[in-house]
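FYI, in my numbering the residues of the sequence shown are -13 to 162. We put the beta carbon where it would ideally sit given N, CA and C, even for glycine. Quick caveat: nothing in here was measured; it's all calculated off a predicted structure. These notes are about the structure you will find just below.
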Amino acid sequence: MMRLLEKLPPGRVLEFLHKTVDGICGRAYPRYQDYGSIWSLSEWMEVLEETMTYFKTAVGKNISDEEAAQQINELNSDCQEAIAKCLKGRKEEIRNALVESVNAISSAQLQDFDWQLKLALSSDKISMLQMPLLNLDLDVRENGEIKPISIEMNKEELQNLINALEAANKVAFTNI
């Protein structure tokens, strides 16, 4: 993994790593023109992808410094040192970029909610129904604007919603 980094002159390794992290953080990635004399195009794509993956994984999975160093122990000491230095100095910035990319998937946020339980006594088809219904009113903020959303659910639909929310909550707290 990332053995191609060793082709870089020692003074340029840290520069390449920081430019790669800049790209992860939404700024400009390193350009192939600047490194074309060192790597072929396929090598360039490979080293860039492997470097990005390493940083995203190390920060996203919150692995320890020792474990992060262990993953790159086949590289020469100059590369190992530069990677460790870059990771340590920019870890929080990478974490923020990863969180932003996840948040960008859906910018909608629940602002407020209200609920009412109603008992439907009859319908146009059935004269005696007595079915409990839940009215759930959500205020969702999307792009700075609050949108009201109303949902009516029967007992089974409510149970499915509760199960889905509990599963999402379990996933959210196991990844922290």
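(1) Using three-state DSSP, classify T138 as helix, strand or coil.
(2) Determine the burial state of A68: buried for a count of at least 16 other Cβ atoms within 10 Å of its Cβ, exposed for fewer.
(3) Would L3 and C72 be called neighbours here (beta carbons separated by less than 7 Å)?
(4) Please tell me whether V176 and R76 are closer than 7 Å, where the distance is taken between their beta carbons.
(5) How big is the Cα-Cα spacing for E36 and Q57?
(6) Check this for me: beta carbons of S136 and D123, under 7 Å apart or not?
(7) Would you kindly report the start and end of the unbroken beta strand (DSSP E) that includes N121?
(8) Mapping the DSSP letters down to three states, classify L61 as helix, strand or coil.
(9) Jot down the residue ranges of each uninterrupted alpha helix (DSSP H) in the region -8 to 42, minimum 4 residues, whole runs only, in chain order.
(10) How many whole angstroms separate the CB atoms of M139 and L151, which I take to be in contact at a CB cut-off of 8 Å?
(11) From which residue to which residue does the beta strand (DSSP E) around K163 run?
(12) Kindly confirm or deny that the region 85 to 96 and the region 45 to 65 touch, where touching means at least three C-beta pairs closer than 8 Å.
The structure says:
(1) To locate residue 138, count along the sequence shown from 1; it is residue 152. Looking at the sequence itself, residue 138 is Glu, so the reference to Thr does not match. Strand at E138.
(2) The residue labelled residue 68 in the question sits at position 82 within the sequence shown. Result: buried.
(3) For the purposes of this step, residue 3 is taken as residue 17 along the sequence shown, with counting starting at 1. For the purposes of this step, residue 72 is taken as residue 86 along the sequence shown, with counting starting at 1. It is a contact, given that the beta carbons lie within the stated cut-off.
(4) For the chain, the structure presents residues -13 to 162; residue 176 sits outside this window and is missing.
(5) Counting from one through the sequence shown, the residue named residue 36 turns up at place 50. Counting from one through the sequence shown, the residue named residue 57 turns up at place 71. Approximately 12 Å, taken between the alpha carbons.
(6) One-based indexing of the sequence shown puts residue 136 at position 150. One-based indexing of the sequence shown puts residue 123 at position 137. Yes, Cβ-Cβ distance for S136 and D123 is below 7 Å.
(7) Start at 1 with the first residue of the sequence shown, and residue 121 comes out as number 135. Unbroken beta strand (DSSP E) run through N121: M117 to E128.
(8) On the sequence shown, residue 61 is found 75 positions in, with the first residue counted as 1. In the displayed model, L61 falls within coil according to three-state DSSP, outside both helix and strand.
(9) Complete alpha helix (DSSP H) runs here, min 4: -4 to 10 and 18 to 21.
(10) Here the question's residue 139 lines up with position 153 in the sequence shown. Here the question's residue 151 lines up with position 165 in the sequence shown. About 13 Å; that fails the 8 Å criterion.
(11) Any question about residue 163 goes unanswered here, given that the chain covers just -13 to 162.
(12) no
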